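Student: Okay, here's the structure, questions in a sec.
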Amino acid sequence: MWVGFFVLIPEPGERARGSESTTRPLEGEREQMDLPSRFSQRQMWVEQDWEGTMSLYEKMITEAVGATKAVFGVNKANRGGTFKVTDAKPYVDAVNKMTAAEGQSKEVIALHVDSVNAHFDIMTSLCETVRPEDDPFVEHYQTPPILEILYEEDSAFKDSMWKFIDAIGANKALVGREAVRRYGGMYGPTCVVDFAMSVGSVPNLVNQILIGLDIPADHKKTILACKSWGMNTSYGLAGALRGAIESGKTLAEAEQAEIDMLQFIYREPSAAQAQLMDTHNLGGHGPHTSFDTRKYMAQYKDRMRPTIVAAMKAGVHPANITAVPAYCVGDVAHHIAQSAYNMFADDMVFAIYESVTGVLENTLNRALKQDAFKSVYDVLSVATGSTACASAYILWKDSFTVPMVIDLLNKRFHNYCAMHPDRGEADELHNVDFMDILKRGESILDITPLGSGGKIKGVEVDLSTVDNNEVISNPQRYTYPACAITQRFAALMTLSDFPCFLTPECTTATLMTNIVAADPGTPGAPVRGCKDCATCSLIKRNVPMATGLGTGAKGYCQWHLAV
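Numbered according to this note's numbering, the sequence shown spans residues -19 to 543.
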């Protein structure tokens, strides 16, 4: 199902969405997303007063680039080869270099570091390799046992969760309506388990249920976070309903199946995840077989309990406790995995990965030298924006534009719905990520005033590693030489199903952990802001003129109403 999702955090100078102005503001004047963004006094203190051997920003870049290059190095050395779980040791070594700066929470850093080590140790004890059909799910075995620890350690939170579970049943019409809209493709391509609040996503639905629920606000935020950046099971909204309908059951039976499954993943998260793996049949190759998922979750729960309890006692927001440990483990047996080795056997696909990684490193270092960072979020914005810009730049090299790709993938989605009503809930998820990456990238790359003139935070994106890449610069060597006008686009389309390498997740995970560590009491997930969905350029699911039940000031979106 879904694998990793992308933190696409624009800076004020990149986009107008979220602003009430109908004109395109000038560089530096556009509205910042309301992320966990409004920096607390603690964050400001960390940013101004941490002066060790390096600045906080330099520390963040060193750790993020180190992890990213470790993953890249493994994939480069093994592309086209056979994956072993132990291949991922260089990534673990890079993670183990992470430290808490003065003013950062050591308990938050431990959530990240201890989780990666626990994951690697347990995986290597249970299996030698992971088949491609099982690797997307390795990020989904952490939040379920963490939730169970929270239930056991905090009875008040458990009481609130049980009220939420009851509220799922009490909101049967809402759940059924949202599931049916996903089933029929009404919203267009969706990111079912989003890191933001987009239409058709689990956080969008959960937020609607939580708004009127009489439980503490912090509990609401934790419940919302645990199925966004926190990955409570591999379940995607409408999966049970779809399966019931396509097996011949009535709509009423299908709606109840959806209610039952949603309640199950919160009431018994580990049991629910194990059941999902017993029945996933990805690619028609049967259920999960790579390792014993129940043993993994039991061992992970025991291994991580002291770290979780320490974070709770230190005042780390439970929303962050559910999210930080899950988002960082995927490079072991997912981004470093047989599927990645197979994909990167293609020279052009690997060249794009290589060049984008270079753009990331060079632009971050350029921004650091130019003193462009004014907050920890600026580091994340430059990291994700530079790679998005590079992706759009490569697209332009084959004379494709981003609107062409958005149009193509949206049209394909609706035909896909018609041809495959039994489709998986996350089938188009990474196409959505890919479109969003390209849309943001083109807005940075384009000339002013249409775009930002290739700059982020006033820093020019360093695209030299794209231009100097021997493979990207010579597509004629990889097809009929006289007609080599589509090779780079074709390679990008390969990555449209696995864009975790266009906005590297080890980069965003490492940076987000550092951000959360600077303000551990504020939930880092989900993004409480408009992410400027590419699909909304074609399907106006985000405007008040939408007339369906549940529409509002932002159409069917919920970001402005986030609990």
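Quick reminder that beta carbons are idealized off the backbone N, C-alpha and C, glycines included.
Source: prediction; values computed, not measured.
Whole-angstrom Cβ separation of residue 343 and residue 441, contact assumed at under 8 angstroms?
Tutor: About 5 angstroms separates the two Cβ atoms, so the contact holds.
Student: Between the region 453 to 469 and the region 390 to 399, can you find at least three pairs of beta-carbon atoms closer than 8 angstroms?
Tutor: No, because fewer than three Cβ pairs between the region 390 to 399 and the region 453 to 469 fall closer than 8 angstroms, the two stretches do not touch.
Student: Would you call the CB atoms of residue 47 and residue 486 closer than 8 angstroms?
Tutor: Contact: yes.
Student: Assuming residue 522 contacts residue 532 under a Cβ cut-off of 8 angstroms, what Cβ separation, rounded to an integer in Å, is found between them?
Tutor: In fact, because the Cβ distance is near 10 angstroms, the residues do not count as touching under 8 angstroms.
Student: Quick one, which of 413, 78, 264 and 309 has its alpha-carbon nearest residue 65's?
Tutor: Looking at the Cα atoms, 309 is the closest of the given residues.
Student: For residue 411, does the count of other Cβ atoms within 10 angstroms reach 16, so buried, or fall short, so exposed?
Tutor: Counting Cβ neighbours within 10 Å, residue 411 comes out buried, since at least 16 surround it.
Student: Verify whether the separation of the beta carbon atoms of residue 335 and residue 446 is less than 8 angstroms.
Tutor: In contact: residue 335 and residue 446 (Cβ atoms closer than 8 angstroms).
Student: Which word fits residue 392, buried or exposed, when buried means at least 16 other C-beta atoms lie within 10 angstroms of its C-beta?
Tutor: Looking at its Cβ environment, which holds fewer than 16 other Cβ atoms inside 10 Å, residue 392 is exposed.
Student: With a floor of 4 residues, list each alpha helix (DSSP H) that falls wholly inside the region 197 to 283, ordered by position along the chain.
Tutor: 197 to 205, 219 to 226, 231 to 247 and 249 to 258, all fully within the region 197 to 283.
Student: Examine the Cβ distances between the region 183 to 195 and the region 226 to 234 and report whether three or more of them are shorter than 8 angstroms.
Tutor: No: the two stretches stay apart, fewer than three of their Cβ pairs being nearer than 8 angstroms.
Student: Roughly how many angstroms lie between the CA atoms of residue 279 and residue 271, to the nearest whole one?
Tutor: Straight-line Cα distance between these residues: approximately 13 angstroms.
Student: For the putative contact between residue 541 and residue 301, defined by C-beta atoms under 8 angstroms, what is the C-beta separation to the nearest angstrom?
Tutor: Contact doesn't hold; Cβ gap of about 24 angstroms is too wide.
Student: Report the option in 473, 216, 352 and 95 whose CA atom is closest to the CA atom of residue 330.
Tutor: The candidate whose alpha carbon is nearest that of residue 330 is 473.
Student: Along the chain, where does the alpha helix (DSSP H) that runs through residue 121 open and close?
Tutor: Run containing residue 121: none; DSSP gives neither H nor E here.
Student: Pull up the distance between the alpha-carbon of residue 190 and that of residue 543, whole angstroms please.
Tutor: Answer to the nearest angstrom: the Cα atoms are 7 angstroms apart.
Student: Let me know if residue 165 comes out buried or exposed under the rule of 16 or more other beta-carbons within 10 Å of its beta-carbon.
Tutor: By the 10 Å Cβ count, residue 165 comes out buried.
Student: Taking just the CA atoms, how far does residue 488 sit from residue 364?
Tutor: C-alpha separation (whole angstroms): 8 angstroms.
Student: Ignoring anything shorter than 4 residues or poking outside the region 472 to 510, list the alpha helix (DSSP H) runs there in chain order.
Tutor: Runs found: 485 to 498.
Student: Taking residue 405 and residue 217 to be in contact with their CB atoms under 8 angstroms, please state how far apart those CB atoms are, rounded to whole angstroms.
Tutor: So it is a contact: roughly 7 angstroms between Cβ atoms.
Student: Note down the Cα distance separating residue 43 from residue 452, rounded to an integer number of angstroms.
Tutor: Near 28 angstroms, if we compare the C-alpha coordinates of residue 452 and residue 43.
Student: What residue from 84, 200 and 55 has the CA that sits closest to residue 144's CA?
Tutor: With distances taken between Cα atoms, residue 144 lies closest to 200.
Student: Consult DSSP for residue 543 and reduce its assignment to one of helix, strand or coil.
Tutor: Looking at residue 543 - three-state DSSP - the assignment turns out to be coil, as it is neither helix nor strand.
Student: Below 7 angstroms CB to CB, which residues in the same chain sit around residue 39 once its five sequence neighbours on both sides are set aside?
Tutor: Excluding sequence neighbours, residue 39 sits near 81.
Student: Let's see if you can read the secondary structure: which residues bound the alpha helix (DSSP H) around residue 397?
Tutor: Looking at the DSSP string, the run of the alpha helix (DSSP H) that includes residue 397 is 382 to 399.
Student: If we call anything under 8 angstroms between Cβ atoms a contact, is residue 253 one with residue 124?
Tutor: For residue 253 and residue 124, yes; Cβs fall inside 8 angstroms.
Student: Could you work out which residue in 527, 113 and 102 is closest to residue 318 when comparing CA atoms only?
Tutor: With distances taken between Cα atoms, residue 318 lies closest to 113.
Student: Between which two residues does the alpha helix (DSSP H) holding residue 114 run?
Tutor: Here residue 114 belongs to no alpha helix (DSSP H), and DSSP marks it neither H nor E.
Student: Less than 6 angstroms between C-beta atoms, sequence neighbours within five positions excluded: which residues of the same chain meet that for residue 219?
Tutor: If we look at residue 219 and ignore the five residues flanking it on each side, its Cβ neighbours are 405.
Student: With a Cβ-Cβ cutoff of 8 angstroms, do residue 256 and residue 237 count as a contact?
Tutor: No. Outside cutoff.
Student: Once the 5 residues before and after residue 131 are set aside, which same chain residues still bring their CB inside 6 angstroms of it?
Tutor: Within the same chain, residue 131 has close Cβ partners 138.
Student: Across which residues does DSSP place residue 435 in a beta bridge pair?
Tutor: Beta-bridge pairing links residue 435 to 440.
Student: Which residue from 53, 180, 288 and 346 puts its Cα closest to that of residue 306?
Tutor: Here the closest residue by C-alpha is 288.
Student: Per DSSP, residue 530 is paired with what?
Tutor: Residue 530 pairs with nothing; no bridge assigned.
Student: For residue 3, is the classification buried or exposed, using 16 other Cβ atoms within 10 angstroms of its Cβ as the cut-off for buried?
Tutor: Low local confidence applies: a pLDDT of 29 at residue 3 is under 50, so the model's placement there is unreliable, with the coordinate-based value given in what follows. It counts as exposed.
Student: Does at least one heavy atom of the ligand GTP sit under 7 angstroms from the Cβ of residue 202?
Tutor: This structure simply doesn't include the ligand GTP, nor any ligand for that matter.
Student: Residue range of the alpha helix (DSSP H) that residue 454 falls in?
Tutor: No alpha helix (DSSP H) contains residue 454, which DSSP labels as neither H nor E.
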